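Engineer: The opening position of the sequence shown corresponds to residue 686 in our numbering, with each subsequent residue numbered one higher.
We treat Cβ as the ideally placed atom computed from N, Cα and C, and that holds for glycine.
Note that the structure is a prediction, hence the values are computed from the model and not measured.
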Amino acid sequence: MSITIAVINHKGGVGKTTTAVNLAAGLTRHGKRVLLVDLDPQGNATYGLGVDFVPGESPSISQILSDPETPLESVMLDTNEEKLKVVPADIRLAHTAVQLNSAVFRETRLSKALSAASDFDYIIIDAQPTLDLLPVNAIYAADRLLIPTELTGYALCGLSDLMSTMKVTKNGGDYDYRILLTKVTGHGEDRQFHAIKYLESFADRILKSRIRHNEAIPRSQIETEEVEPAPVILQKSYSRGAQDYRALVKEILELWPA
686 MSITIAVINH KGGVGKTTTA VNLAAGLTRH GKRVLLVDLD PQGNATYGLG VDFVPGESPS
746 ISQILSDPET PLESVMLDTN EEKLKVVPAD IRLAHTAVQL NSAVFRETRL SKALSAASDF
806 DYIIIDAQPT LDLLPVNAIY AADRLLIPTE LTGYALCGLS DLMSTMKVTK NGGDYDYRIL
866 LTKVTGHGED RQFHAIKYLE SFADRILKSR IRHNEAIPRS QIETEEVEPA PVILQKSYSR
926 GAQDYRALVK EILELWPA
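1) With D919 as the anchor, note down where its alpha helix (DSSP H) starts and where it stops.
2) Check whether the Cβ atoms of L892 and I864 lie closer than 8 Å to each other.
3) Could you name the residues of the same chain whose beta carbon sits closer than 7 Å to that of E835, not counting the 5 residues immediately before and after it, in chain order?
4) Within the continuous alpha helix (DSSP H) that includes D929, where are the two ends?
5) Taking the continuous beta strand (DSSP E) assigned at K770, which residues delimit it?
6) For A812, which residues in the same chain have their Cβ closer than 6 Å to its Cβ, ignoring the five residues on either side in sequence?
7) Between I749 and A943, is the Cβ-Cβ spacing less than 8 Å?
8) Would DSSP call L734 helix, strand or coil?
9) Classify R794 as helix, strand or coil using the three-state DSSP reduction.
10) Rounded to whole angstroms, what is the Cα-Cα separation between E885 and L830?
11) Can you tell me whether DSSP reads A691 as helix, strand or coil?
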C-alpha cells in the first residue's frame, strides 16, 4: 500500500520543492517506486526533474483536478530515474484552482485520483505555498505531512498558519506530521536560538535531519548546455546538500516505511 507524503508549508522559499524532488529521487535509490505530484502552478518540481514537458500543451495535474474521470496514468511522465514518475504542473493549475471553488467534492479531487496509484511505494506531493484549495487537496490526500521550515520569523508564521489549516481540515483529525529544518547556517545564533525556543512545543515532531545552507542546491536547479536540472542528491552527490538529503531519506524510511 502506498504512503502519501505531502511536502507543505504556507510560506514560500523554505525549500519545499527542493525537499520534495530530493526526497522522491532519494527514495528510488533505496529501490522504492515513487510518484511525485507537482501541485504548484509554478511547476518547479516538474522543471527540476528535467522531464519532457511542454508548458501549456502537455497533459498535467490540471486535467486530473478538472475532470475526475481522467486516468491518472494519462498524465504521468517518465524521468531519468527508472522508478520515479511525475505528474507535472504548470500555470494552468492556477486557473484550475479557481474553478475548484465551485466544484463538487472540491477538497477530495486529488485524493480520489491518487487512489489509482497503488503501484507505487511512496507518493510525494509538492504542495503550493498558499491557503487555497490546492494545499487543502494535498492535506486530504496525504497520509503524512512533511513541513520544511527555516529558522526565521516569517517561516515560523507560515508554520503557524499551516497548523491552523490542519485543525479545520479532515474534521480536526490528528495528523502524522514532521518538521524539517532547512537552510540551517552557523550564523545568526541569537535569531536561531529564539526560533528554536518557539519550536519547543513541537520538539517531538522535529526531524533529526537538518538541511544546511549549501550553494550546490540552487546550482543543481540551473539548466546549462551540458547539464539538465536535477535533484542535488543525484547531480552533486558529494555536496553537503546531497549528504543532508540522503540523511533525510534514511530517516523517512525508518519513520514511515513502505
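Structural biologist: On the basis of the supplied data:
1) For clarity, residue 919 is Leu in the given sequence; the question names Asp instead. V917 to Q920 is the extent of the alpha helix (DSSP H) around L919.
2) yes
3) V699, T867 and K868
4) R925 to L940
5) L769 to V772
6) A691, I693, L724, P820 and A823
7) no
8) coil
9) helix
10) 19 Å
11) strand
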